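Colleague:
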Amino acid sequence: MNTLLVLDKDSKTKLSEDLKVKVVKTLEEKGHWVEVVELGKNDVSPCLGCLLCLTKHPGECVTKDIVNEIRKNVKKYSATFYLTPVLFGHFSSTIANVMAKGTGSHNWQVIIGFGEDIDDEEKSTFIDLTAKHHGKADIVHPGMNRQVDVFVSRSIEDNTIICAALKTYAG
Amino acid sequence: MLDEDKKSICFVNGSLRGKKASSLEFLKDVELRLPDTEYNKTFLTVKAKSKESYPENMLKGIACADTIVFVFPLHNYGLPGALMRLLEDYYQYIEVGNKYNKAAKVYMIVNCGSARPEINEEAIRVMKNFSRRLSLNWRFAICIGTGPVVVITKKAPFLDLKLKRAYAEMVSDIKSSSSEKKDNYLIKPLIPAPILTRIKNYYERKGQMIQKNHKPQQTKE
Chain A
617 MNTLLVLDKD
627 SKTKLSEDLK
637 VKVVKTLEEK
647 GHWVEVVELG
657 KNDVSPCLGC
667 LLCLTKHPGE
677 CVTKDIVNEI
687 RKNVKKYSAT
697 FYLTPVLFGH
707 FSSTIANVMA
717 KGTGSHNWQV
727 IIGFGEDIDD
737 EEKSTFIDLT
747 AKHHGKADIV
757 HPGMNRQVDV
767 FVSRSIEDNT
777 IICAALKTYA
787 G
Chain B
561 MLDEDKKSIC
571 FVNGSLRGKK
581 ASSLEFLKDV
591 ELRLPDTEYN
601 KTFLTVKAKS
611 KESYPENMLK
621 GIACADTIVF
631 VFPLHNYGLP
641 GALMRLLEDY
651 YQYIEVGNKY
661 NKAAKVYMIV
671 NCGSARPEIN
681 EEAIRVMKNF
691 SRRLSLNWRF
701 AICIGTGPVV
711 VITKKAPFLD
721 LKLKRAYAEM
731 VSDIKSSSSE
741 KKDNYLIKPL
751 IPAPILTRIK
761 NYYERKGQMI
771 QKNHKPQQTK
781 E
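In order, the protein sequence lines correspond to chains A and B.
The working numbering applies: residue 617 is where the first sequence begins, and numbers increase by one.
The working numbering applies: residue 561 is where the second sequence begins, and numbers increase by one.
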């Protein structure tokens with residue numbers, strides 16, 4: 617099983633590094649071959665909202681950056697994991713741009729937000745942003761009924777709990 | 561030169577679609593209701609270049625404002641990446657100790673591709689969290705369903721009274737010193753769904769958003 621793990625390299629902390637190591641280890645133990653891609657603000661162009669990737673040349677972005685290359689190979693991944701800092705209850709700009717360009721696996725996506733100072737409302741916003749609108753709940757893009765899971769980590773202990781949860785069904 | 565007796569307003573256009581942006585139309589609708597004789601206006605547009613942070617003078621424009629109006633399209637049920645980058649840079653600019661107006665009022669106008677404006681809820685929550693983090697004075701949001709369609713129908717009489725009321729309320733609130741809590745405005749197009757679908761398809765073809773021979777499916781509302 618090929619799995620892509622994308623993380624925001626501009627926001628590395630002790631917490632995010634621990635999360636990355638634990639998630640990769642968990643997935644490898646379950647038989648995944650994990651490809652880690654670390655991207656920063658300067659690597660990814662923002663989505664222009666032109667929708668040409670949906671209409672004129674499906675799957676291909678007008679801006680040619682590394683994300684376009686990831687997007688081309690999206691079908692080879694059984695799962696995509698995004699590790700993102702949570703800012704105001706939102707994905708970081710880097711991860712927002714990567715996600716908006718359709719890099720998520722068509723089967724299974726996992727979005728894990730991290731940050732030691734995330735408050736309860738930001739945590740709730742982040743979870744709702746995914747759980748209420750993605751996968752089967754996506755009313756704007758019907759038919760994209762892949763599995764999408766969301767987790768938030770505020771501590772090393774949370775990382776352990778998230779990985780224990782992943783272990784139960786990541787096979 | 562800024563007139564220091566005037567209140568300052570910073571309009572942030574969160575769309576990268578240039579003159580084609582619906583957000584720009586909504587921004588102009590509010591801006592035109594606020595006379596230049598009473599307000600110093602600053603206009604900022606997010607940028608597509610990823611290799612540099614937003615310049616300090618741009619961030620200062622937000623920091624000095626008495627009122628900040630964010631206008632943007634919904635992307636992936638949240639904020640566009642370019643706008644998120646601006647918020648990140650602004651937050652960092654404040655975190656390192658730069659001064660800003662903590663009493664600034666914050667408004668937002670968000671438009672989405674769906675006819676259901678309630679899907680903008682999480683984007684509102686993100687902007688409220690941003691305001692709370694910086695102790696800014698969050699006021700309210702105008703959420704517009706099917707933004708591009710509302711833009712091309714808004715001049716027709718009787719179709720967008722709620723939108724006009726929402727604009728009037730925003731302008732009145734900007735002028736007022738009241739801190740009374742206000743509800744968000746949800747603007748749903750009043751046009752029946754089948755007509756709406758045809759208008760939307762026409763707009764999309766004209767804007768080359770879909771191919772000319774594409775036959776769209778009827779969507780159930």
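Glycine included, every Cβ here is placed at the ideal spot set by N, Cα and C.
All values derive from a computational prediction rather than experimental measurement.
Going by DSSP in three states, leucine 631 of chain A sits in which element: helix, strand or coil?
Modeller: helix
Colleague: Counting contacts by CB-CB distance shorter than 8 Å, is aspartate 765 of chain A in contact with chain B?
Modeller: no
Colleague: So threonine 746 of chain A is in the alpha helix (DSSP H); what residue range does that whole segment cover?
Modeller: In the DSSP assignment, threonine 746 of chain A falls within the alpha helix (DSSP H) that extends over 736-747.
Colleague: Taking all protein chains shown into account, decide if isoleucine 770 of chain B is buried (16 or more other Cβ within 10 angstroms of its Cβ) or exposed.
Modeller: With a pLDDT of only 46 at isoleucine 770 of chain B, under 50, the local geometry of the prediction cannot be trusted, and no value is derived from it.
Colleague: Checking contacts by CB at 8 Å: is glutamate 654 of chain A closer than that to chain B?
Modeller: no
Colleague: Could you list which residues in chain B have their beta carbon closer than 8 Å to that of leucine 703 of chain A, in chain order?
Modeller: Met644, Leu647, Glu648, Tyr651
Colleague: Measuring alpha carbon to alpha carbon, tell me which residue in A:Asp774, A:His722, A:Glu644 is nearest arginine 687 of chain A.
Modeller: A:His722
Colleague: Cβ atoms of lysine 692 of chain A and asparagine 618 of chain A: under 8 Å apart, would you say?
Modeller: yes
Colleague: Skipping 5 residues on each side, what residues in its chain have a beta carbon closer than 7 Å to that of lysine 739 of chain A?
Modeller: Val768
Colleague: Classify histidine 673 of chain A: buried if its beta carbon has 16 or more other beta carbons within 10 angstroms, exposed otherwise.
Modeller: exposed
Colleague: Can the beta-carbon of leucine 639 of chain B be found less than 8 Å from the beta-carbon of alanine 683 of chain B?
Modeller: Their beta carbons are under 8 Å apart, which means leucine 639 of chain B touches alanine 683 of chain B by this criterion.
Colleague: Any beta carbon from chain D within less than 8 Å of isoleucine 679 of chain B's own beta carbon?
Modeller: No chain D is part of this structure, whose protein chains are labelled A and B.
Colleague: Which residues mark the beginning and the end of the alpha helix (DSSP H) in which aspartate 649 of chain B is found?
Modeller: In the DSSP assignment, aspartate 649 of chain B falls within the alpha helix (DSSP H) that extends over 641-655.
Colleague: In terms of residue numbering, what span does the beta strand (DSSP E) encompassing glycine 729 of chain A cover?
Modeller: 724-730
Colleague: If you reduce the DSSP assignment to three classes, tell me which class glutamine 771 of chain B lands in.
Modeller: At glutamine 771 of chain B, the pLDDT of 46 sits below 50, so the modelled position is not reliable and the matter cannot be decided from this model.
Colleague: Starting from the beta carbon of glycine 638 of chain B, find every residue of chain A whose beta carbon is closer than 8 Å, and list them in chain order.
Modeller: The contacting residues are His706, Phe707, Ala712, Leu745.
Colleague: In chain B, what lies closer than 8 Å to proline 662 of chain A by C-beta?
Modeller: Leu576, Val606, Ala608, Ser610, Pro640, Gly641, Ala642, Arg645
Colleague: Chain A partners of valine 586 of chain B, CB-CB under 7 Å?
Modeller: Before going further, note that residue 586 of chain B is phenylalanine rather than valine in the sequence given. Chain-order list of chain A residues neighbouring phenylalanine 586 of chain B: empty, with the shortest C-beta distance near 15 Å, by a criterion of under 7 Å.
Colleague: Determine the DSSP secondary structure at glutamate 564 of chain B, reduced to helix, strand or coil.
Modeller: coil
Colleague: Taking the continuous beta strand (DSSP E) assigned at glutamate 729 of chain B, which residues delimit it?
Modeller: Note, glutamate 729 of chain B: premise wrong, no beta strand (DSSP E); alpha helix (DSSP H) at 721-735.
Colleague: Would you identify the three-state DSSP class for cysteine 703 of chain B, choosing helix, strand or coil?
Modeller: strand
Colleague: Three Cβ pairs or more, each shorter than 8 Å: is that satisfied between the segment 648-668 of chain B and the segment 611-621 of chain B?
Modeller: yes
Colleague: Tell me which residues of the segment 624-651 of chain A have at least one Cβ-Cβ distance to chain B shorter than 7 Å, keeping chain order.
Modeller: none
Colleague: With a threshold of 6 Å on Cβ separation, who are the neighbours of leucine 619 of chain B within its own chain once the five nearest residues in sequence on each side are excluded?
Modeller: Tyr650, Tyr653
Colleague: Is valine 572 of chain B helix, strand or coil by DSSP?
Modeller: strand
Colleague: So, is glutamine 778 of chain B buried or exposed, given that buried needs 16 or more other C-beta atoms within 10 angstroms?
Modeller: Residue confidence for glutamine 778 of chain B is low, a pLDDT of 43 falling below 50, so the modelled location carries little weight; the figure read from the coordinates is stated next. By the neighbour-count criterion, in which 16 or more other beta carbons inside 10 Å mark a residue as buried, glutamine 778 of chain B falls on the exposed side.
Colleague: Go ahead and pull the three-state DSSP assignment for aspartate 624 of chain A.
Modeller: strand
Colleague: What does a CB cutoff of less than 8 Å around serine 568 of chain B pick up in its chain, not counting 5 residues either side in sequence?
Modeller: Leu562, Tyr599, Asn600, Lys601, Thr602, Cys624, Ala625, Asp626, Thr627
Colleague: Along chain B, which residues have their Cβ under 8 Å away from the Cβ of threonine 741 of chain A?
Modeller: Glu682, Arg685, Val686, Asn689
Colleague: When the Cα of leucine 789 of chain B is compared with those of B:Asn658, B:Lys741, B:Ser582, B:Ala728, which residue comes out closest?
Modeller: Lying outside 561 to 781, the shown extent of chain B, residue 789 of chain B is not represented and no answer is given.
Colleague: What residue range is occupied by the uninterrupted beta strand (DSSP E) comprising isoleucine 747 of chain B?
Modeller: First-last of the beta strand (DSSP E) with isoleucine 747 of chain B: 745-747.
Colleague: Whose C-beta lies closer than 6 Å to the C-beta of leucine 621 of chain A among residues of the same chain, with five residues either side of it excluded?
Modeller: Val650, Val652, Phe697
Colleague: For a test of the three-state rule: what should DSSP assign to glycine 638 of chain B, helix, strand or coil?
Modeller: strand
Colleague: Considering just the uninterrupted stretch of the beta strand (DSSP E) at lysine 601 of chain B, what are its terminal residues?
Modeller: 599-605
Colleague: Is it buried or exposed, lysine 777 of chain A, if we count other Cβ atoms within 10 angstroms and call 16 or more buried?
Modeller: Checking the sequence, you will find isoleucine at residue 777 of chain A rather than lysine. Counting Cβ neighbours within 10 Å, isoleucine 777 of chain A comes out exposed, since fewer than 16 surround it.
Colleague: Under 8 Å, Cβ to Cβ, is there at least one residue of chain A near proline 633 of chain B?
Modeller: Closer than 8 Å: yes.
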